[in-house]
Amino acid sequence: MSIISGLLSAEQLDQLTKLTSTLSKDQQLWVSGYLAGLGAQQGGNALAQPASAAASSQDSLTILYGSRTGNGEGLAKKALRLAEASGLKAVLKNMETFKIRDLQAEKNVLVIVSTHGDGVPPFSAQELHEYIYGKRAPKLATTNFAVLALGDSSYFQFCKTGKDFDEQLEKLGANRVAPILTCDLDFEEPAEAWINSTLTVFAEKLGSSANAVGIQSDASVGVGSEVVKYSKKNPFKAPIFERISLHGQSDERQTIHLELATDDAGLSYEPGDSAAIIPLNTKKIIDEVLQATGLDAQEEVTVNGINKTLYSALRRDLELSKITTDVVKRFLELAPNAELQKQIEDPAKFKEYLYGRDIVDLFHENPTKITAADFIKLLRPIQPRSYSISSSPAACPGELHLTVSVVNYEKSGRSKRGACSNYLSEIALEEEHVPIFIESNPNFRLPQNEETPIVMIGAGTGIAPYRAFIQHRELSEKRGKSWLFFGNRNFETEFLYQAEWHNFLKSGALSKMNVAFSRDGEKKEYVQHRLIENSAELFKWLEEGAHFYICGDMNNMAGDVQKALLKIIEKEGSLNREKAEEYITKLQREKRLQLDVY
Ligand SMILES: Cc1cc2nc3c(=O)[nH]c(=O)nc-3n(C[C@H](O)[C@H](O)[C@H](O)COP(=O)(O)OP(=O)(O)OC[C@H]3O[C@@H](n4cnc5c(N)ncnc54)[C@H](O)[C@@H]3O)c2cc1C
Ligand SMILES: Cc1cc2nc3c(=O)[nH]c(=O)nc-3n(C[C@H](O)[C@H](O)[C@H](O)COP(=O)(O)O)c2cc1C
């Protein structure tokens with residue numbers, strides 16, 4: 000009897016034998032590294048094994064990343080450290096500055112890339128993504144590769160860009176040395192295990208004498224920056240100074256201004272950064288969940304190895320206010336349902352189905368008996384929500400401000416509330432603290448030179464980072480000129496921070512402001528109309544080197560504003576469509592056109 004057969008049941012041994020008999024040499028190596036990585040993460044005592052030195056190439060591994068909000072960049076840096084710690088020669092390359100024509104010369108590439116927009120590459124990955132799909136795409140028969148894709152399964156095009164890279168590199172002839180890893184928002188642990196095992200395979204390809212990297216763990220390193228003190232796992236608990244309604248009398252929609260105390264060097268931020276808040280679910284939805292499932296709030300359940308009441312798990316740990324495809328798939332495994340199954344198979348329609356549906360709807364529409372243990376297995380862990388920070392740390396030391404639109408809507412005969420925005424609008428100011436950490440956003444920054452003109456375009460809460468920008472610039476004596484375009488529904492109730500903007504105009508911190516309110520007149524007026532009306536002057540600012548910013552709604556506003564910008568460049572620059580598009584691409588490459596849209 001082998002040692003393994005003493006450890007495993009007959010069924011497990013049978014499964015293992017079946018699996019290993021189908022694996023290629025690369026796959027065997029990858030799986031061994033993967034298991035070693037898992038062992039190390041679970042505090043196991045995995046043994047370091049020297050990688051076989053079959054290959055003799057002296058090349059190093061290229062860790063090539065495309066990231067927007069820093070998660071992929073943080074992982075890429077972590078991969079570099081893990082590689083170096085195990086003696087594997089590796090270099091870090093950002094897709095944004097990578098020379099696309101060098102791709103063919105790369106022999107071993109670990110790609111780490113996220114997805115943004117609605118299934119599109121982050122800006123830094125766009126050129127390379129286009130290149131590998133274009134006419135000039137190179138043959139890559141001598142390249143080994145593996146892809147780690149970052150995404151969020153609440154988006155319909157989950158990890159699309161990573162999947163594209165994985166598929167297309169193979170089509171170009173490259174050799175996949177590890178299966179793609181598609182990571183959801185809780186990516187840290189699976190990503191680290193995958194990186195460890197994948198580095199082991201690359202070590203062999205490179206003929207490196209590196210130790211098997213599967214046993215490495217890099218827990219000291221946060222994701223998104225070199226050292227992150229506060230994170231999703233360890234948020235800062237911020238006391239609340241103040242909460243103000245920004246809508247005056249309007250009770251239909253609400254936007255709140257929140258002032259939190261940071262008072263701690265570990266929560267430092269820059270204008271343009273976002274804050275991530277970890278919410279508690281509202282008591283309203285918890286009651287509805289208990290009613291729809293018939294479960295007992297006091298029943299004991301286990302979440303992440305900790306025993307607690309179902310009520311506590313519903314309040315703190317699980318996503319209730321929105322459902323994703325994976326939740327519905329797990330539901331269908333428990334309670335097969337032909338009609339729902341049919342719906343899930345039509346992605347475009349299913350996207351519509353999911354919008355505005357929560358877990359309560361799923362049970363109302365498909366009544367099912369379920370145990371508390373099975374119920375919590377259905378759900379995703381609750382995720383932090385991002386908010387653009389609306390204060391400048393230089394102008395408001397020890398403070399961090401947010402501008403939050405409260406999500407309340409009617410659907411399927413129920414009134415529904417967004418989890419985080421309602422948590423922030425209801426939280427007891429004196430007694431409770433807000434769990435928060437910073438998400439650095441290096442792609443939404445004021446120009447280095449303070450004298451450079453800026454044009455800020457935003458709708459609704461898209462105004463938030465501009466308040467931070469102008470607070471910051473107000474402190475500078477040599478500030479350049481600045482122009483704000485702001486849109487919302489009604490002048491009277493939804494002109495967010497109106498008095499402050501007028502003061503900024505008076506002080507000269509803001510040079511110009513144009514506003515558009517879509518529901519005040521007969522005709523709908525949006526920010527893009529104001530841009531077109533100011534076409535000649537805007538182009539002049541552009542030619543003078545102004546930086547352009549777009550913030551707020553991704554689905555309509557951002558696209559319409561970019562179309563308006565294209566028209567302005569065509570008209571005022573007397574350029575054809577192609578040349579105007581090139582002008583915009585150049586602006587993006589020079590980081591003079593920056594977007595923060597959601
Ligand atoms: C980088 C970034 C910056 C952001 N900055 C800000 C900011 O400064 N201010 C701000 O307010 N938000 C901002 N957001 C959005 C914010 O992160 C949250 O998504 C938002 O507050 C909603 O979260 P919630 O938990 O309240 O709602 P959730 O519980 O997440 O519910 C949202 C879900 O409700 C449904 N839904 C919402 N409205 C409707 C409707 N009218 N009809 C039908 N269904 C609907 C949809 O299914 C939606 O997915 C930002 C997002 C990103 C990514
Ligand atoms: C505005 C926005 C749009 C996004 N769109 C998608 C998407 O379409 N598909 C997806 O899988 N993930 C999407 N995501 C999730 C990101 O890919 C995920 O947060 C990832 O960890 C970001 O990695 P990065 O910081 O390296 O860019 C989106 C995130 C944001 C903020």
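Numbered per numbering that gives the first Met the number 0, the sequence shown finishes at 597, counting up by one with no gaps.
In this text, a Cβ means the ideal position worked out from N, Cα and C, and glycines have one as well.
Since the structure is predicted, the reported quantities are computational estimates derived from the model, not experimental observations.
Query	Result
I need the boundaries of the beta strand (DSSP E) containing F516, first residue and last residue.	511-516
Sorry if obvious, but does the Cβ on R67 come closer than 7 Å to a heavy atom of ligand 2?	yes
Just to confirm the assignment, what range does the alpha helix (DSSP H) spanning F468 have?	463-473
Taking 8 Å as the limit between beta carbons, can you name the residues of its chain near Y132, skipping five residues before and five after?	D163, Q167
Curious, which full-length alpha helix (DSSP H) runs of at least 4 residues does the region 412-489 contain?	418-425, 463-473
Taking the CB atoms as reference points, tell me whether A274 and I437 lie closer together than 8 Å.	yes
Using a Cβ-Cβ cutoff of less than 6 Å, which residues in the same chain neighbour V406 once the five nearest sequence positions on both sides are dropped?	G417, S420
Quick check: the Cα distance between A312 and L574, rounded to an integer number of angstroms?	58 Å
Would DSSP call R356 helix, strand or coil?	coil
Using 8 Å as the cut-off, can you tell me whether the region 318-328 makes contact with the region 353-361, which would need three or more C-beta pairs spanning the two stretches below that distance?	yes
Using only the alpha-carbon positions, how far apart do Q389 and Q470 sit?	Per the sequence shown, residue 389 should be read as Ser rather than Gln. Taking the straight line joining both Cα atoms gives about 9 Å.
Given that a residue counts as buried once 16 or more other Cβ atoms are within 10 Å of its Cβ, and exposed if not, what is N143?	buried
Is it true that the CB of G479 sits closer than 8 Å to the CB of I453?	yes
Among P178, E476, K236, E499, which residue has its Cα nearest to the Cα of Y465?	E499
Alpha carbons only, please: which of L102, L79, S113, K98 is nearest the one belonging to R67?	S113
Tell me whether D151 sits in a helix, a strand or coil according to DSSP, three-state version.	coil
Can you tell me whether K159 is helix, strand or coil according to DSSP?	helix
Can A260 and G397 be called in contact, C-beta distance under 8 Å?	yes
Go to Q297, then tell me how far its alpha helix (DSSP H) extends in each direction, as first and last residue.	From DSSP, Q297 is part of no alpha helix (DSSP H); its letter is neither H nor E.
So L378 and E318 are in contact, right, with Cβ under 8 Å, and what is the actual spacing, rounded?	6 Å
Less than 7 Å between the CB of N421 and some heavy atom of ligand 1, yes or no?	yes
Of all Cβ atoms in chain B, is any one closer than 8 Å to the Cβ of L541?	Considering every chain present, this structure includes no chain B. It has just one protein chain.
Closer than 7 Å: is that where the CB of G412 sits relative to any heavy atom of ligand 1?	no
Determine the extent of the alpha helix (DSSP H) in which V526 is found, giving its start and end residues.	526-532
Are the CB atoms of E473 and A508 nearer to each other than 8 Å?	yes
Going by DSSP, name the residue or residues bridged to A237.	V433
Assign Q382 to one of three DSSP states: helix, strand, or coil.	coil
Here's a check: name, in chain order, each residue in its chain whose Cβ is nearer than 6 Å to the Cβ of V302, leaving out the five neighbours to either side.	A312, D316
So N195 is in the alpha helix (DSSP H); what residue range does that whole segment cover?	187-204
Between the region 113-132 and the region 230-239, are three or more C-beta pairs nearer than 8 Å?	no
Run through the DSSP bridge pairs and tell me what K410 is partnered with.	R413
Quick one: what's I179 bridged to in DSSP?	In the DSSP output, where bridge partners are listed per residue, I179 has none listed.
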